[in-house]
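A quick write-up on the structure given underneath.
Number of protein chains: 2
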Amino acid sequence: MKLKSISAVELEEMDSRKRINLINAIVGFKCVNLIGTVDDLDNENLAVFSSIVHLGSSPALIGFIARPDSVERHTLTNLVRSGVYTINHINTAIFEKAHQTSARYDAKVSEFDATDLKSEYKMDFKAPFVKESNIQIAMKFKQKIDIELNGTSLIIGEVVAIHYPEDCLCTDGFIDIEKAETITCSGLDSYHSTNRLSRLSYAKPDKALESLKIIYVD
Amino acid sequence: MKLKSISAVELEEMDSRKRINLINAIVGFKCVNLIGTVDDLDNENLAVFSSIVHLGSSPALIGFIARPDSVERHTLTNLVRSGVYTINHINTAIFEKAHQTSARYDAKVSEFDATDLKSEYKMDFKAPFVKESNIQIAMKFKQKIDIELNGTSLIIGEVVAIHYPEDCLCTDGFIDIEKAETITCSGLDSYHSTNRLSRLSYAKPDKALESLKIIYVD
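Just so you know, the protein sequences line up as chains Z and C, in that order. Take the first sequence: its position 80, counting from 1, is numbered 82 in this note's numbering, and each next residue is one higher. Take the second sequence: its position 170, counting from 1, is numbered 172 in this note's numbering, and each next residue is one higher.
Structure, rendered in structure tokens:
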């Protein structure tokens, strides 16, 4: 493919809406999920976040970036106060409803009601899961790290429970999220299903990679 | 789909390799790219990172998580010292070579040579791009934020140039990374191409979403 270039100066002079679309797209396919919380009065909140990141497996930590704007502040306020939240995968059946949660609803409005997604409570966990989501994670809030460069924050939580489709778990612990119909997104608004190219063996110098066979439990 | 559950206790008692596969998978599809750097003697280094995250568009900031292990430490040491690095999209043609860069090569070995990917230099930028990559980003190192919970670090950089396929840019600034053959990954080793479901309009309360038409520049 023939490449063109955009310089730092051109980037700075670019119309801000175009720059937002551009920079959100160039990072690559994003890890997008729905985050569920409740406020002090148990009012539910649900918001789509596309800046979720794996931090480590022992302890099992997941982070996400919270922006200083109104929609997401409900999520942040709620999870800091209650200490808990849920991360719910978005699948092909619900990606439009998931996108709709990004509308600026009033704090009193539940995005579950507004988008017709169903909340679900499990194992005495205080925050709501998304019933239509095939992979649901219960999270305990651990730390908020402020990023002074642009006023965002990295929110870190620990995994306390995982709910997953029984036929998607593999013998080596891998969960086949493509089989669970999880989707990805690019930019602010483009949603994509996936096709596996391959699972590759652990890379070592001077050893050729092999394609791993996917073996489900049972 | 019928869901099963894994509790925090089961997670803690799980074999560590299984837990690594599990936690890396449940986060969702990951933003995976190749990061190119040089050391003080201009020896090239290239490593695959699957924990890249969009931080903001003004200034244009991208972050990634660096782990305290040997392979990625070359990248970290190099970019802190030189002040620059490149982020290069992985496409269907090079995902196996990209995965191979995760092997623990000696610091003196260039992963470009070891994996047969070609380095490319542009516009006097000191760090190497991946020639086979269709979207290449020149980055200036801004800040390293240590995450004490697990010894990882959030590395923040600012976008200083973007190289992209000319037929992938849209009139609203969006770059069609699926058309550029960019792929995504899940877990530690599963690579996936994508199929667009839809680009959705900006969400507002009480307004139905529309599917956006993708209009390329020219």
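We put the CB at the ideal spot given by N, CA and C, even for glycine.
Point to revise | Within the segment 84-108 of chain Z, ranges of the beta strand (DSSP E) (whole runs, at least 3 residues) | key: 86-91
Check your understanding: Terminal residues of the continuous alpha helix (DSSP H) containing E14 (chain C)?
Key -> 10-15
**Study point:** Beta bridge counterpart(s) of P70 (chain Z) as assigned by DSSP
**Key:** BP columns for P70 (chain Z) are empty, so no partner.
Point to revise | Same chain only: Cβ atoms within 7 Å of T186 (chain C), ignoring 5 sequence neighbours per side | key: F31, K32, V34, H194, T196
Exercise for review: Provide the residue(s) that pair with D148 (chain C) in DSSP beta bridges, ordered along the chain.
Suggested key: C:S155
**Study point:** Residue-level contact to chain Z via CB, P167 (chain C), 8 Å cutoff
**Key:** yes
Check your understanding: At a CB-CB cut-off below 9 Å, which residues of chain Z make contact with G85 (chain C)?
Key -> The premise fails here: G85 (chain C) is roughly 14 Å from chain Z at the closest Cβ pair, so nothing lies under 9 Å.
**Study point:** Through-space distance from A116 (chain C) to E98 (chain Z), alpha-carbon basis
**Key:** 43 Å
Check your understanding: Alpha carbon to alpha carbon, what distance is there between L151 (chain Z) and Y166 (chain C)?
Key -> 26 Å
**Study point:** Beta-carbon gap between K110 (chain C) and N26 (chain C) smaller than 8 Å
**Key:** no
Check your understanding: Is the shortest distance between the beta-carbon of S72 (chain Z) and the beta-carbons of chain C less than 8 Å?
Key -> Residue placement at S72 (chain Z) is flagged as unreliable, the pLDDT there being 47, under the threshold of 50; a coordinate-derived value is accordingly withheld.
Review point. Using a beta-carbon distance below 8 Å, is A10 (chain C) in contact with chain Z?
Key: yes
Review point. Are the C-beta atoms of D191 (chain C) and some chain Z residue less than 8 Å apart?
Key: yes
Exercise for review: Please name the residue in Z:E15, Z:S18, Z:F66 whose C-alpha comes closest to that of F143 (chain Z).
Suggested key: Z:F66
Exercise for review: May I ask you to report which of helix, strand or coil DSSP gives T173 (chain C)?
Suggested key: coil
Point to revise | Straight-line Cα distance separating P130 (chain Z) from N90 (chain Z) | key: 10 Å
Exercise for review: Spell out whether any CB of chain Z is found under 8 Å from the CB atom of F31 (chain C).
Suggested key: yes
Exercise for review: Please list the partners that L57 (chain Z) has in chain C, where partner means a Cβ-to-Cβ separation under 8 Å.
Suggested key: S53, I67, I149, L151, N152, T154
Point to revise | Y193 (chain Z), DSSP secondary structure in three states | key: strand
Review point. Would you call the segment 153-160 of chain C and the segment 170-185 of chain C in contact, with 3 or more CB pairs under 8 Å?
Key: no
Check your understanding: With distances taken from CA atoms, which of C:H76, C:I28, C:K20 is nearest F51 (chain C)?
Key -> C:H76
Exercise for review: Taking C-beta pairs closer than 8 Å, name the residues in chain Z that L43 (chain C) reaches, listed in chain order.
Suggested key: Near L43 (chain C) there are no residues of chain Z at all, since even the closest Cβ is about 21 Å away, more than 8 Å.
Review point. Can the beta-carbon of K133 (chain C) be found closer than 8 Å to that of K124 (chain C)?
Key: no
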